[in-house]
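Each residue of the sequence shown is one higher than the one before, starting from 522 at the first, in the numbering used here.
The beta-carbon is built from N, C-alpha and C at its ideal position, and this holds for glycine as well.
It should be emphasised that the depicted structure is a prediction, and the values quoted were computed from it without experimental measurement.
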Amino acid sequence: MIAKLAIFLIFIIAEISLGIYSLAISESLFAKFLFFTLSAFIICLLVIKLSSTLLPDDD
């Protein structure tokens with residue numbers, strides 16, 4: 522549980538730092554790609570978590 526939270530926080534911090542870097546400092550295509558990739562990964566995790574809590578288990 523703590524490891525999942527730590528990994529999630531690392532992804533959030535990385536996404537925020539890449540977003541600030543890509544908007545303020547550089548217009549690098551690679552930074553934008555990393556920002557998009559991390560954003561998509563975090564949204565995917567949130568959708569999976571939300572669907573697993575809302576939908577019933579298959580028995």
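Here F562 is exposed: its Cβ has fewer than 16 other Cβ atoms, across all protein chains shown, within 10 Å.
The C-beta distance from G540 to F556 rounds to 5 Å, short enough to fall under 8 Å. Apart from the 5 residues on each side of it in sequence, A535 sits with its Cβ closer than 7 Å to the Cβ of L559 in its chain, given in chain order.
8 Å or more divides the Cβ of A527 from the Cβ of Y542. Take P577, set aside five residues on each side of it, and no residue of its chain has a beta-carbon closer than 7 Å to its own.
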